[in-house]
Amino acid sequence: MSKIDAVTCPVCGCLCDDIELTIADGVVAQVKNGCAMCEAKFFSHNNDHRLKTPLIRKDGKLVPSTYDKAIRKSAEILAKANYPILYGWSSTDCEAQRVGVELAEEVGGVLDNTAVVCHGPSILSVQEVGIPTCTLGQIRHRADLLIYWGCNPWSAHPRHLERYTAFTEGRFKGSEWKSYINKVKAAAGRKKLRSLERIGVLKHKPEQVAPTVSDNKPPAILNKKGRKLIVVDVRKSMTAEMADYFLQVKPGKDYELIQAMRALVRDQELDVEEVAGVPVEYLQQLVDAMISCQFGIIFFGMGLTQSPSKFRNIDVAISLIRDLNMRTKFAIMPMRGHFNVTGANTVFTWQSGYPYAVDFSLGYPRYNPGETTVVDVLLRQESDAGLVIASDPASNFPRKAVEHLVKKPLIVIDPHMNATSLVGDVVLPSEIVGIEKEGTAYRMDHVPLPLKKVVDPPKGLLSDEEILRRILKEVRKIKSKKLEAA
Amino acid sequence: MNLLIKNGFVYDPINEINGEIMDIAIRNDKIVESVPERTSKIIDASGLTVFPGGVDIHTHIAGGEVNTGRLVRPEDHEKDFVRKTAITRSGVGYSIPSTFTTGYRYSRMGYTTVMNPSMACLEAKHTHEELNDIPMLDKATYPLLGDWWLVLENIAKGDLEACARYVAWMLEITKGYAIKIVNPGGLESWGFGRNVHSIDDQVPNFGITPREIMCGLAKVNKMLNLPHTIHLHTNNLGIPGNYATTLETMKCLESIPSDGKPVVHITHLQFSSFAGEDWGSFRSGAGEIAKYINNHDHVTFDMGQIVFTDTTTMTADGPFEYTLYQLSGHKWVNTDIETETSGGIIPFHYKRKNPVNAIQWSIGLELALMTKNPWKVFMTTDHPNAGPFTAYPKILAWLASKKARMATFKRLHKKAQKKSLLPSIDRELSLYDIAIVTRSGQAKALDLKEKGHLGVGADADVAIFNLNPEEVDIANKYKTFRRAFSNAAYTIKAGKVLVKDGEILQQSDGKTIWLDLQTSKEIEISEEIKRKFREYWTVEYENYPVSDHYIKHSSPLTIKADV
Numbered sequence: 030m031s032k033i034d035a036v037t038c039p040v041c042g043c044l045c046d047d048i049e050l051t052i053a054d055g056v057v058a059q060v061k062n063g064c065a066m067c068e069a070k071f072f073s074h075n076n077d078h079r080l081k082t083p084l085i086r087k088d089g090k091l092v093p094s095t096y097d098k099a100i101r102k103s104a105e106i107l108a109k110a111n112y113p114i115l116y117g118w119s120s121t122d123c124e125a126q127r128v129g130v131e132l133a134e135e136v137g138g139v140l141d142n143t144a145v146v147c148h149g150p151s152i153l154s155v156q157e158v159g160i161p162t163c164t165l166g167q168i169r170h171r172a173d174l175l176i177y178w179g180c181n182p183w184s185a186h187p188r189h190l191e192r193y194t195a196f197t198e199g200r201f202k203g204s205e206w207k208s209y210i211n212k213v214k215a216a217a218g219r220k221k222l223r224s225l226e227r228i229g230v231l232k233h234k235p236e237q238v239a240p241t242v243s244d245n246k247p248p249a250i251l252n253k254k255g256r257k258l259i260v261v262d263v264r265k266s267m268t269a270e271m272a273d274y275f276l277q278v279k280p281g282k283d284y285e286l287i288q289a290m291r292a293l294v295r296d297q298e299l300d301v302e303e304v305a306g307v308p309v310e311y312l313q314q315l316v317d318a319m320i321s322c323q324f325g326i327i328f329f330g331m332g333l334t335q336s337p338s339k340f341r342n343i344d345v346a347i348s349l350i351r352d353l354n355m356r357t358k359f360a361i362m363p364m365r366g367h368f369n370v371t372g373a374n375t376v377f378t379w380q381s382g383y384p385y386a387v388d389f390s391l392g393y394p395r396y397n398p399g400e401t402t403v404v405d406v407l408l409r410q411e412s413d414a415g416l417v418i419a420s421d422p423a424s425n426f427p428r429k430a431v432e433h434l435v436k437k438p439l440i441v442i443d444p445h446m447n448a449t450s451l452v453g454d455v456v457l458p459s460e461i462v463g464i465e466k467e468g469t470a471y472r473m474d475h476v477p478l479p480l481k482k483v484v485d486p487p488k489g490l491l492s493d494e495e496i497l498r499r500i501l502k503e504v505r506k507i508k509s510k511k512l513e514a515a
Numbered sequence: 016m017n018l019l020i021k022n023g024f025v026y027d028p029i030n031e032i033n034g035e036i037m038d039i040a041i042r043n044d045k046i047v048e049s050v051p052e053r054t055s056k057i058i059d060a061s062g063l064t065v066f067p068g069g070v071d072i073h074t075h076i077a078g079g080e081v082n083t084g085r086l087v088r089p090e091d092h093e094k095d096f097v098r099k100t101a102i103t104r105s106g107v108g109y110s111i112p113s114t115f116t117t118g119y120r121y122s123r124m125g126y127t128t129v130m131n132p133s134m135a136c137l138e139a140k141h142t143h144e145e146l147n148d149i150p151m152l153d154k155a156t157y158p159l160l161g162d163w164w165l166v167l168e169n170i171a172k173g174d175l176e177a178c179a180r181y182v183a184w185m186l187e188i189t190k191g192y193a194i195k196i197v198n199p200g201g202l203e204s205w206g207f208g209r210n211v212h213s214i215d216d217q218v219p220n221f222g223i224t225p226r227e228i229m230c231g232l233a234k235v236n237k238m239l240n241l242p243h244t245i246h247l248h249t250n251n252l253g254i255p256g257n258y259a260t261t262l263e264t265m266k267c268l269e270s271i272p273s274d275g276k277p278v279v280h281i282t283h284l285q286f287s288s289f290a291g292e293d294w295g296s297f298r299s300g301a302g303e304i305a306k307y308i309n310n311h312d313h314v315t316f317d318m319g320q321i322v323f324t325d326t327t328t329m330t331a332d333g334p335f336e337y338t339l340y341q342l343s344g345h346k347w348v349n350t351d352i353e354t355e356t357s358g359g360i361i362p363f364h365y366k367r368k369n370p371v372n373a374i375q376w377s378i379g380l381e382l383a384l385m386t387k388n389p390w391k392v393f394m395t396t397d398h399p400n401a402g403p404f405t406a407y408p409k410i411l412a413w414l415a416s417k418k419a420r421m422a423t424f425k426r427l428h429k430k431a432q433k434k435s436l437l438p439s440i441d442r443e444l445s446l447y448d449i450a451i452v453t454r455s456g457q458a459k460a461l462d463l464k465e466k467g468h469l470g471v472g473a474d475a476d477v478a479i480f481n482l483n484p485e486e487v488d489i490a491n492k493y494k495t496f497r498r499a500f501s502n503a504a505y506t507i508k509a510g511k512v513l514v515k516d517g518e519i520l521q522q523s524d525g526k527t528i529w530l531d532l533q534t535s536k537e538i539e540i541s542e543e544i545k546r547k548f549r550e551y552w553t554v555e556y557e558n559y560p561v562s563d564h565y566i567k568h569s570s571p572l573t574i575k576a577d578v
C-alpha cells in the first residue's frame with residue numbers, strides 16, 4: 030500500500046491538484062479530497078469491461094487484433110484519405126496533442142477539438158473583442174463579487190466554489206463558508222420538511238410552493254461588504270440554491286439582459302419596465318452592486334455559449350466587462366469542461382496559430398469556423414476518413430454528422446469502449462492519461478499542471494502519444510514508398 | 016565534423032576584429048584554432064561578411080501571453096501563412112508567428128540565440144513547452160519577479176538575504192535566466208485596478224515603493240552573481256513625460272556597488288523616453304536620456320524601435336495595456352496572474368501619419384545614435400510590441416545610413432518632422448558597430464561567454480551575409496545592405512549549416528539555457544513555505560516547478576552565489 034500526494038485530477042477544467050491517492054496491489058484503493066467525478070475516474074482504470082486489445086472491423090464485426098496491424102491499418106486509411114478529420118483531443122495530454130498537430134499536417138486533414146461543440150463560440154468572441162481575465166487564485170485573493178452565468182459548478186465543476194471562489198480564504202477577501210453551511214443546512218431542512226409533508230406527518234401547505242419564475246428581487250445583502258455569490262440561469266440549479274442572489278432570466282433572453290446591463294453601467298436610462306423577465310429597478314440594483322465591488326468576475330458556461338445568439342452572447346458579455354473596467358476591476362472566464370480542452374486550444378495555437386478548426390488540406394494552416402469546423406465538414410459530407418481520439422462524438426454530434434462519420438473509415442483511440450468505438454473500423458485502446466501515463470494539462474485559466482502516472486497500465490497497452498507517433502511514422506513510410514514508386 | 020569558412024571579411028568586436036580577411040575553423044560545435052583543410056567542409060566566404068550568430072536580448076516569442084496574442088489575432092495570420100515543406104513545418108506569421116515559423120525566420124536572418132523576456136512563473140511550463148517547439152535557436156527566458164509577493168514582503172521587511180534565496184529558488188525551479196521587473200509595484204496595484212505613477216508611490220497593502228523594489232532586486236542580483244543585470248521595464252511606460260521617471264530610475268540605481276559593471280538593463284527604452292505633458296505636446300526625451308547614459312556606466316538598454324506596421328502589443332504591464340485600450344478601443348486582453356504579475360494584449364497599428372507614432376519612431380533612433388558607446392545599445396523592436404522581429408534589417412539600414420533614415424523621415428507627419436532631432440544627427444553605424452548592437456554587445460550584457468564572438472572556444476554560431484564591405488558602402492547602398500541582412504548567405508549554428516541563401520537546409524533543435532544557482536546553503540523549503548504556497552497559489556508546491564521533462568535540450572549555466 031502506498032500513498033501519493035498532490036495528484037492532478039484528470040476530469041474537469043478545475044484540474045484540482047491536491048488529490049491524495051492510496052494505491053494497493055497496483056490499483057487505486059482510496060481517493061481523498063476529490064469530488065464524485067474524480068473518484069469515479071480514478072477507480073475506472075480497473076473496470077472489468079475495459080478494452081485491452083486493438084480491434085479491427087472485418088465483415089462488419091470488430092475482431093481482436095494487434096497494435097502493429099491496427100496502426101498499419103490506421104496509417105493506410107489516413108495516407109489514402111484526401112480530406113480526413115482528426116477530432117477530439119480534449120481528454121488527452123499536451124504531449125499527444127503535439128503529435129496530433131504534426132499528424133494532421135502530414136495527412137492534410139482537418140484538426141478540431143471538442144471546443145467546437147462547447148466553448149467554440151467563446152473563442153470566436155475573444156477573437157472579436159479580447160478578454161479581460163485572470164488566473165483562479167486572483168479570484169480567491171481579491172474577488173468580492175462572483176457571478177456564475179449559465180453554468181452550474183455544483184454539478185459540473187464540483188470543487189470550483191470551495192477551491193477557487195466563494196468558499197476559499199484569500200489574502201484580501203475572506204471565505205463565505207459560514208453562510209454556506211447555513212445555506213446547506215437550510216436546504217437540507219427544507220428537504221426534510223417536504224418529505225415529512227409527503228408522508229403526511231406535516232400538513233401540506235400548497236400556498237408555500239415556490240413560484241416557477243422568481244420575482245428576481247435582489248436581497249439586501251447585495252449592498253453589504255464581503256463576498257457575494259450571484260447565479261444567473263434559466264432555472265434554479267443547485268448552485269443557485271447556495272447563492273446570495275439568484276437571477277432568473279427568461280430562456281434565450283441573455284443577450285437582451287446583458288445589453289440592458291451595459292446601458293445601465295453607462296448610466297443610460299431604460300424606457301421599459303422589465304428586460305428578460307427582470308424589472309429594470311432590480312437590474313439597476315444589481316448593476317450598482319457590480320460597479321461598487323472591488324473585484325468582480327463572471328464565470329459563464331454552456332447556458333451562454335450554446336443558447337440562441339451563441340457567440341453574440343459572449344461578445345456582449347465581454348463587452349460588459351470592458352465597460353465595467355471603466356468603473357472598477359472586473360474579469361470574465363469561461364468554465365471549460367474537459368480537463369485539457371484548454372491545453373488542446375493552447376497547443377494547436379502555438380503550433381498552427383489557430384485554437385481549433387484548423388484545416389491543413391492546402392499544406393498550411395487555415396481557419397474559418399463554420400467551414401473548417403468538424404461538424405460542418407461532416408454535415409457537408411466532405412471528409413473521407415476520420416480519426417477520433419479521447420472523445421465520443423457519436424453520442425453528442427448532430428445525427429446527420431454522425432451518419433457521415435460512420436460511413437467513412439473511422440479510427441478510434443480511447444481507453445474505454447464508447448459509442449464511437451462501437452461504430453469504428455479500427456479501435457485502439459490506450460492508457461488513461463493522468464492515471465497510467467504522465468503528461469501535461471492546462472487548467473481553465475491556462476495554468477499548466479503536470480499529470481501523474483499513479484498505477485501501471487494493463488500489460489501491452491500504449492499511450493495516446495505513442496500510438497500517434499507510430500501512426501505518423503507509418504504514414505510517412507507509406508508516403509515515401511508512394512513517392513519512390515512514382 | 017570540421018568546417019572551414021575561408022577568406023570572409025570577419026567582424027568580431029569582442030576580439031576587436033574589424034573586417035579583416037580571415038578563416039574561421041569549426042570542429043563539431045565549437046570554434047577552434049584550425050582544422051585540416053583536406054578533411055573539412057569548406058565554405059568559400061570570399062567577398063562575404065562574416066559575423067558571429069545574432070543574439071536577441073529581448074523578444075516575446077513564447078509563453079502564455081504570446082500564445083494568447085496568437086489566439087486573438089486570426090486576421091494577423093491569414094495574410095501571412097507558411098507552407099509545409101519536406102524539411103520544415105507549416106505555420107503562420109505575421110506579428111506573432113507560430114513557434115516553428117519563429118525559429119525559421121530568425122535563423123534566416125542569421126540569428127542563433129534569443130531571449131524570451133517575460134515569463135509568468137506560474138505558467139513557466141507553458142513557456143518551456145513552446146521554447147522546445149522553436150527550432151534553430153538557443154533560448155533562455157526571464158521570470159517576472161518584480162511584483163511577486165515574496166519579493167515585496169521580504170524587501171519591505173528589509174530582509175534582502177531571504178529575498179535573494181527566494182529569487183534563487185524561483186530562478187531555478189522556473190529554469191530562468193535573469194530577473195525581469197515590469198512596472199514595479201504597478202502590477203500588484205493593478206490587481207485592484209490601480210497603478211503607481213512615480214518611483215516613490217506606495218504600493219497598496221504592501222508598504223513598499225517601486226524605488227525600494229528596484230534597488231532591492233538590483234542588490235539581490237549582485238548577491239546572486241547573476242550573469243545579466245536586472246532587466247527592467249520602467250514605471251509609467253508609454254505615458255507622456257515619462258522620461259523624468261526613467262531618469263529618476265537610473266539615478267536611484269547609481270549607488271548600487273558594481274565594480275564598474277552595468278547594474279540595470281532598461282528594456283525598450285524608446286517607450287520610456289517620452290517628453291511633453293500630454294499626447295498633444297508629446298515630444299522626444301531622448302536627448303536628456305542619452306546625455307545621462309553617456310555620462311554613466313551602470314546602464315545598458317535596448318531600443319524597442321517602432322516600425323510602421325500593424326502589430327500586436329503584449330506586456331506584463333497590464334495597466335499600460337489598459338491605457339492603450341482606452342486610446343484605441345481595440346480588442347483588449349488582460350490576464351492577471353495570482354501573487355505574481357499581470358499581462359495585457361492590444362493589436363496596434365503604428366502609422367507614419369500619426370504624429371505620436373512618428374515621434375516614437377524618431378525617439379528610438381535618436382537614442383541609439385546619440386548614445387556614444389555602442390556597447391550600451393542593443394537593437395530590438397521589443398518584438399512584437401513595436402514591430403515584428405522580421406523588420407530588423409530595416410532598422411539596421413536606418414542606423415547605418417542617414418540616407419535610409421531621411422527617406423522614411425520625409426514621409427512622416429509634418430509635426431513629427433519639426434520635433435525630430437534626426438536631421439541634425441549625422442552618425443552612421445559601421446558594420447563593426449552593427450555587429451556590436453546585434454550580437455556582441457547583447458552577448459556581453461548577458462554574460463554569455465560562448466556567444467557573440469568568433470574566438471577559439473566560442474560556440475560555432477556564425478552568420479555570413481552576401482555583402483562585400485570593400486565594394487558596398489552600406490550608408491549609401493543601404494538597400495543592398497538591407498537585402499543581405501534579410502536573408503543570410505549562411506547561418507551556422509553549433510557547427511551545422513542551417514540556412515543557405517535564405518533557404519532552410521535542415522531543422523535543428525536549440526538548447527535552453529538556464530541558471531543552476533549554487534547557494535552556500537541549500538535552499539530549504541520549510542513547512543512554512545509549503546503552507547504559504549497553499550495560501551498564495553492555487554496549485555500544490557510539488558506541481559509548481561518546471562521538471563526536466565519540460566526541457567528538451569537542457570544547458571544549465573552554473574553560478575556560485577554569495578548567499
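Chains as they are written, first to last, in the working numbering: chain E, 30 to 515; chain A, 16 to 578.
We treat Cβ as the ideally placed atom computed from N, Cα and C, and that holds for glycine.
Keep in mind it's a predicted model, so treat the numbers as computed, not measured.
- Taking the Cα positions, A:I254 is about 19 Å away from A:L380.
- In chain order, I214, D215, C267 place their CB closer than 7 Å to the CB of A:R226, counting only its own chain and leaving out the 5 sequence neighbours on each side.
- Residue contact with chain A for E:V476: present (Cβ-Cβ distance below 8 Å to some residue of chain A).
- Closest in alpha carbon position to A:L86, among E:L153, E:L107, E:V92, is E:L153.
- Counting along the chain, E:E49 sits inside the beta strand (DSSP E) bounded by residues 48-53.
- Counting only Cβ-Cβ distances below 8 Å, E:Y193 has contacts in chain A at T553, in chain order.
- Under the DSSP definition of a beta bridge, A:S299 partners with A:F289.
- When the beta-carbon positions are compared, A:G191 and A:M134 come within less than 8 Å of each other.
- Residue environment analysis places E:I228 among the exposed positions, since fewer than 16 neighbouring C-beta atoms fall within 10 angstroms of its C-beta.
- A:R104 belongs to the set of residues whose beta carbon lies under 8 Å from a beta carbon in chain E.
- Just measuring C-alpha positions, the residue of E:K279, E:L353, E:S94 sitting nearest E:M290 is E:L353.
- By the neighbour-count definition (other C-beta atoms within 10 Å, threshold 16), E:H189 is a buried residue.
- For A:R120, not one C-beta of chain E is nearer than 8 Å to its own C-beta.
- From the beta-carbon of A:I72, no residue of chain E is found nearer than 9 Å; the closest lies around 22 Å away.
- Sixteen is the threshold: when 16 or more other Cβ atoms of the shown chains lie within 10 Å of the Cβ of A:N198, as they do, the residue is buried.
- Counting only Cβ-Cβ distances below 8 Å, A:N82 has contacts in chain E at T375, T378, W379, in chain order.
- Against chain A, the CB of E:A35 has a partner CB under 8 Å away; the residue lies at that interface.
- At a Cβ-Cβ threshold of 8 Å, A:E555 and E:D47 count as neighbours.
- With a threshold of 8 Å between beta carbons, E:E134 makes contact with chain A.
- For A:T527, no alpha helix (DSSP H) run applies; the uninterrupted beta strand (DSSP E) run containing it begins and ends at 527-533, by DSSP.
- Contacts with chain A at 8 Å (Cβ-Cβ) include E:D46.
- Residue pairing by DSSP places A:D59 opposite A:K21 in a beta bridge.
- In the DSSP assignment, A:M37 forms a beta bridge with A:G23.
- Beta-bridge analysis with DSSP links E:W178 to E:V261, E:F329.
- Residue contact with chain A for E:F196: absent (no Cβ-Cβ distance below 8 Å to any residue of chain A).
- Around the beta carbon of A:E144, 16 or more other beta carbons sit within 10 angstroms, so the residue counts as buried.
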